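Notes for the one structure printed next.
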Amino acid sequence: MGPQRATKPGFGAEPRLKMHTFPLLPQQASVQAGQVDAIFFFMVAVTAFFSLLIAGLIVFFAIRYRRRHDDEIGVAIHGSLVLELMWTIIPFFIAMGMFGWGAKVFFDLYRVPAGAMEIFVVGKQWMWKVQHASGQREINELHVPAGRPVRLIMGSEDVIHSFYIPAFRVKADVIPGRYNTLWFQATTPGRYHLFCAEYCGTKHSGMIGSVVVMEPTEYQAWLSGGPTSDSPAATGEKLFTSLACVTCHTGDAASRGPNLAGVFGHEVELQGGGKVVADEAYLRESIVNPQAKVVAGFPPIMPPFQGMVSEEQLLQLIAYLKSLKGPAARPGAPPQQK
Amino acid sequence: MEAPALTYLNNGHGAASWLLTRDHKRIALLYLVSITVFFVIGGLFATLIRFELLTPEGDLLTSETYNKMFTMHGVVMVFFFLIPSIPAVLGNFLLPIMIGAKDLAFPRINLLSWYIYVLGGAFTLYAALAGGVDTGWTFYTPYSTAAANTHVMTAAVGVFITGFSSILTGLNFIVTVHRMRATGLTWFRLPLFVWAHYATSLIMILGTPVVAITILMVAAERALHLGIFDPALGGDPVLFQHLFWFYSHPAVYIMILPAMGVISEIVQAFSRKNIFGYSFIAFSSIAIAVIGFLVWGHHLFVAGQSTYAGLVFSILSFTVAIPSAIKVFNWTATIYKGSVSLESPMLYAFGFIGLFTIGGLTGLFLAAMGIDIHVHDTYFVVAHFHYIMVGGAIMGYLGGLHYWWPKISGRT
Numbered sequence: 621m622g623p624q625r626a627t628k629p630g631f632g633a634e635p636r637l638k639m640h641t642f643p644l645l646p647q648q649a650s651v652q653a654g655q656v657d658a659i660f661f662f663m664v665a666v667t668a669f670f671s672l673l674i675a676g677l678i679v680f681f682a683i684r685y686r687r688r689h690d691d692e693i694g695v696a697i698h699g700s701l702v703l704e705l706m707w708t709i710i711p712f713f714i715a716m717g718m719f720g721w722g723a724k725v726f727f728d729l730y731r732v733p734a735g736a737m738e739i740f741v742v743g744k745q746w747m748w749k750v751q752h753a754s755g756q757r758e759i760n761e762l763h764v765p766a767g768r769p770v771r772l773i774m775g776s777e778d779v780i781h782s783f784y785i786p787a788f789r790v791k792a793d794v795i796p797g798r799y800n801t802l803w804f805q806a807t808t809p810g811r812y813h814l815f816c817a818e819y820c821g822t823k824h825s826g827m828i829g830s831v832v833v834m835e836p837t838e839y840q841a842w843l844s845g846g847p848t849s850d851s852p853a854a855t856g857e858k859l860f861t862s863l864a865c866v867t868c869h870t871g872d873a874a875s876r877g878p879n880l881a882g883v884f885g886h887e888v889e890l891q892g893g894g895k896v897v898a899d900e901a902y903l904r905e906s907i908v909n910p911q912a913k914v915v916a917g918f919p920p921i922m923p924p925f926q927g928m929v930s931e932e933q934l935l936q937l938i939a940y941l942k943s944l945k946g947p948a949a950r951p952g953a954p955p956q957q958k
Numbered sequence: 016m017e018a019p020a021l022t023y024l025n026n027g028h029g030a031a032s033w034l035l036t037r038d039h040k041r042i043a044l045l046y047l048v049s050i051t052v053f054f055v056i057g058g059l060f061a062t063l064i065r066f067e068l069l070t071p072e073g074d075l076l077t078s079e080t081y082n083k084m085f086t087m088h089g090v091v092m093v094f095f096f097l098i099p100s101i102p103a104v105l106g107n108f109l110l111p112i113m114i115g116a117k118d119l120a121f122p123r124i125n126l127l128s129w130y131i132y133v134l135g136g137a138f139t140l141y142a143a144l145a146g147g148v149d150t151g152w153t154f155y156t157p158y159s160t161a162a163a164n165t166h167v168m169t170a171a172v173g174v175f176i177t178g179f180s181s182i183l184t185g186l187n188f189i190v191t192v193h194r195m196r197a198t199g200l201t202w203f204r205l206p207l208f209v210w211a212h213y214a215t216s217l218i219m220i221l222g223t224p225v226v227a228i229t230i231l232m233v234a235a236e237r238a239l240h241l242g243i244f245d246p247a248l249g250g251d252p253v254l255f256q257h258l259f260w261f262y263s264h265p266a267v268y269i270m271i272l273p274a275m276g277v278i279s280e281i282v283q284a285f286s287r288k289n290i291f292g293y294s295f296i297a298f299s300s301i302a303i304a305v306i307g308f309l310v311w312g313h314h315l316f317v318a319g320q321s322t323y324a325g326l327v328f329s330i331l332s333f334t335v336a337i338p339s340a341i342k343v344f345n346w347t348a349t350i351y352k353g354s355v356s357l358e359s360p361m362l363y364a365f366g367f368i369g370l371f372t373i374g375g376l377t378g379l380f381l382a383a384m385g386i387d388i389h390v391h392d393t394y395f396v397v398a399h400f401h402y403i404m405v406g407g408a409i410m411g412y413l414g415g416l417h418y419w420w421p422k423i424s425g426r427t
């Protein structure tokens with residue numbers, strides 16, 4: 621990656637590199653990490669309390685009520701409704717509290733803030749391929765700026781993988797045939813572990829890499845350095861021509877395919893009723909299996925591109941479609957609100 | 016006490032008297048021998064895994080062999096040791112005795128279940144010897160259907176076949192408990208060991224067919240490329256995870272519920288007391304069996320499952336922890352003012368309570384969606400379920416064997 625590398629190939633933020641600690645938890649290096657750790661430590665405290673309570677009582681009872689004579693028997697006690705209710709209701713409410721807190725953290729991990737920068741990730745046996753919006757590519761490394769939300773759009777070329785950055789407390793499976801996303805906002809520059817967390821075959825354990833968090837200015841420098849290639853959108857535009865998509869999706873009123881300009885993020889009316897929001901998943905499906913959801917007013921004549929375009933090319937095509945701003949009014953579709 | 020002259024052990028000699036027996040006690044011993052063989056085999060795989068992990072490099076095993084080791088360890092331990100262990104050995108032996116029946120309702124089906132188990136085991140052993148299988152015990156698609164070129168089919172057939180032995184055992188127990196209780200032995204006088212096995216049997220007959228169908232789908236997909244799980248043909252690889260965990264999460268309760276039944280008996284016997292809160296322990300077994308069927312989605316929090324489905328699965332997963340907590344509290348209360356003797360079975364029971372408590376409480380972390388995102392697919396999960404499986408199921412099994420060994424062997 622050249623001289624931009626912020627840290628030496630140790631892991632973690634810089635000060636940690638010099639310490640040979642054996643940390644209980646990975647370093648916190650994202651805005652989400654603290655939230656996850658807070659509930660984690662709360663639950664450690666609660667569970668430690670109950671574990672010690674049970675263990676303490678058992679040891680105490682075992683000693684206090686140890687058998688002293690061979691013919692000694694215990695006191696017949698059949699139960700107590702009060703106690704039963706107590707140790708049903710109290711744990712239930714504690715559990716519901718944990719559920720609520722856990723769900724809240726989950727939603728925060730799930731909801732992407734507006735304005736997140738998007739990076740495409742493709743998992744394949746056994747590497748991570750990354751492409752930035754500006755066209756920079758990397759393998760088994762992911763360079764991101766600190767202090768900015770980043771949204772990863774991830775697909776798989778073969779089996780299920782799982783993209784896991786322990787220091788950020790984020791993870792999402794990467795599944796063939798669909799896009800999963802995750803977002804994070806890194807806080808501290810440094811180099812962090814990237815793992816595949818879903819067993820994916822022989823060299824799964826070697827499907828590792830690192831996430832390099834840089835100061836935003838350094839990140840900009842990094843983007844412009846190194847071997848340049850076209851942005852995903854520009855590559856996608858070329859594919860759009862070379863795959864002959866453009867012959868039908870001309871954008872004219874008389875075209876055989878819907879005008880795709882501005883379609884991303886908008887509702888599309890489907891043949892036979894129903895609507896769908898044209899997100900990444902819908903665009904992907906409409907390329908690989910166009911007959912699944914045909915836009916109203918158009919004949920189902922588009923051939924499926926399943927197996928003809930790679931996962932990376934799909935992401936590039938989608939990036940191109942997302943970049944088309946144009947008029948949202950398309951033949952066959954109602955005028956858009958926005 | 017004088018031992019009777021004629022017992023099930025000396026009533027008939029020779030291989031045929033064992034291999035064609037319809038006596039539930041002899042069938043229990045057949046199971047005891049065969050699951051011990053699989054316990055040792057599964058343990059050997061685990062030993063190799065641990066030796067390999069002494070160093071970070073692949074010094075002892077290649078990646079390929081290592082992957083096969085943890086797969087075979089999981090397959091053998093789950094399907095051929097843990098699931099049959101307590102029900103097929105102690106349950107077979109004791110359930111009819113405890114309810115005052117001469118035998119199980121269907122003695123021939125009981126023997127058949129052992130032969131089915133052995134046949135399934137033979138397929139799995141063949142898969143191991145012929146080169147092994149490397150999909151992980153969970154057989155996740157599309158790796159198992161499209162990528163793995165190891166002996167997936169043979170191992171899957173072994174698991175498929177042995178499932179029927181589970182179904183038959185469960186069926187036998189349910190019918191026996193319903194129809195063959197001694198006069199006056201009402202449901203709420205049943206030993207808690209029987210309640211636990213009744214709940215286990217419900218899961219066995221309702222859950223196991225689902226995993227059998229799922230395995231058939233994997234086989235069909237591998238052989239015929241039907242496209243059930245292949246996205247290129249319009250399938251969905253995550254569908255497999257739903258089907259698999261719909262059985263395999265309840266299967267965890269197949270493994271732990273009988274052990275809980277054993278602990279309920281041991282704690283009473285070695286405190287010389289009746290159990291504290293009998294009906295709460297009995298109903299908590301049923302509650303675990305029922306709610307346990309509704310929590311499988313907590314294995315899919317990071318698989319892109321609907322967020323709202325995730326919420327439902329999370330709240331239900333927290334709920335299923337409550338009956339387990341009730342049991343632990345009641346066992347502890349049983350010891351109170353008892354006449355406690357620390358013999359081997361009681362030590363196993365204490366080991367169970369301590370380790371199972373840790374295993375159960377770490378389960379709460381996995382039910383909490385926000386934490387699960389971080390710890391899912393890590394050693395946290397491996398540690399959690401080994402606390403349940405080793406600390407719970409195996410402690411219960413060994414404790415039960417120690418406790419009832421004099422009954423089984425006729426020697427004290």
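Protein chains in written order, with this note's numbering: chain E, 621 to 958; chain H, 16 to 427.
In this text, a Cβ means the ideal position worked out from N, Cα and C, and glycines have one as well.
Owing to the predicted nature of the structure, the values given are computational and were not obtained by experimental measurement.
In this structure, DSSP gives S299 (chain H) a helical state, which the three-state scheme calls helix. Counting only residues of its own chain and dropping the five nearest sequence neighbours on each side, T229 (chain H) has a CB closer than 6 Å to the CB of L258 and F259.
Within 7 Å of the CB of S825 (chain E), the CB atoms of chain H belong to S78, in sequence order along the chain. Checking the DSSP bridge columns, you'll see H752 (chain E) partnered with E:I739. Within 9 Å of the CB of H313 (chain H), no CB atom of chain E is found; the nearest one sits about 11 Å away. The alpha-carbon separation between T223 (chain H) and S181 (chain H) amounts to approximately 7 Å. R287 (chain H) belongs to the set of residues whose beta carbon lies under 9 Å from a beta carbon in chain E.
Distance check between I795 (chain E) and each of E:M827, E:E818, E:G810 and E:Q805 places E:E818 closest, using alpha-carbon atoms only. Of H:Y268, H:F261 and H:W419, the smallest CA-CA separation from A43 (chain H) is found for H:W419. For G775 (chain E), the secondary structure class from DSSP, reduced to helix, strand or coil, is strand. From the beta-carbon of R789 (chain E), the residues of chain H found nearer than 8 Å are I388 and H389.
Partner residues in the beta bridge of W803 (chain E), as assigned by DSSP, are E:R771.
Of all C-beta pairs linking the stretch 398–406 of chain H to the stretch 353–364 of chain H, fewer than three are shorter than 8 Å, placing the two stretches out of contact.
Below 8 Å, too few C-beta pairs join the stretch 386–405 of chain H and the stretch 35–55 of chain H to call them touching: fewer than three.
Per DSSP, H166 (chain H) lies in no beta strand (DSSP E) and is assigned neither H nor E. Interface with chain H (9 Å Cβ-Cβ cutoff): Q933 (chain E) is excluded. For V702 (chain E), the closest C-alpha among the options H:G307, H:A170, H:A116 and H:F344 is that of H:F344. Excluding five sequence positions before and after Q283 (chain H), the CB atoms of its chain that fall closer than 7 Å to its own CB belong to N289, I290 and T349, given in chain order. For E818 (chain E), the chain H residues whose Cβ falls inside 7 Å of its Cβ are D392, in order along the chain. Neighbours of M384 (chain H) across chain E, judged by C-beta separation under 8 Å: G722, A723, V725 and F726.
Bounds of the alpha helix (DSSP H) holding H389 (chain H) are M384 to V390. Proximity of chain E to A162 (chain H) at the Cβ level (cut-off 9 Å) is accounted for by Q745, D778, V779, C820 and G821, in chain order. A straight-line Cα-Cα distance of about 7 Å links G276 (chain H) and H212 (chain H).
A direct Cα-to-Cα measurement between V253 (chain H) and T322 (chain H) gives close to 15 Å.
Note on geometry: alpha-carbon atoms of I64 (chain H) and S825 (chain E) lie some 14 Å from one another. At least one C-beta of chain H is nearer than 9 Å to the C-beta of R798 (chain E).
Taking all protein chains in view, the Cβ of T51 (chain H) is surrounded by fewer than 16 other Cβ atoms within 10 Å, so the residue is classified as exposed.
Excluding residues up to 5 positions away in sequence, F884 lie with their Cβ nearer than 6 Å to the Cβ of K942 (chain E) in the same chain.
With distances taken between CA atoms, V209 (chain H) lies nearest to H:L105 out of H:F285, H:L105, H:G178 and H:A266.
In the structure shown, the three-state DSSP call for Y412 (chain H) is helix. The stretch 152–159 of chain H makes no contact with the stretch 61–75 of chain H; the number of CB pairs closer than 8 Å stays below 3. Distance from the Cα of A383 (chain H) is smallest, within the candidate group H:H313, H:G366, H:V396 and H:T165, for H:H313. The DSSP assignment places 781–785, 790–794, 800–805, 810–816 and 828–834 as complete runs of the beta strand (DSSP E) inside the stretch 781–848 of chain E, in order along the chain (cut-off: 3 residues). Between the alpha carbons of V148 (chain H) and V167 (chain H) lies a gap of roughly 6 Å. Collapsing the DSSP output to three states places S650 (chain E) in a strand. Sequence-distant partners of F95 (chain H) (beyond 5 residues in either direction) whose C-beta falls short of 6 Å from its own C-beta, in its chain, are F53 and G136.
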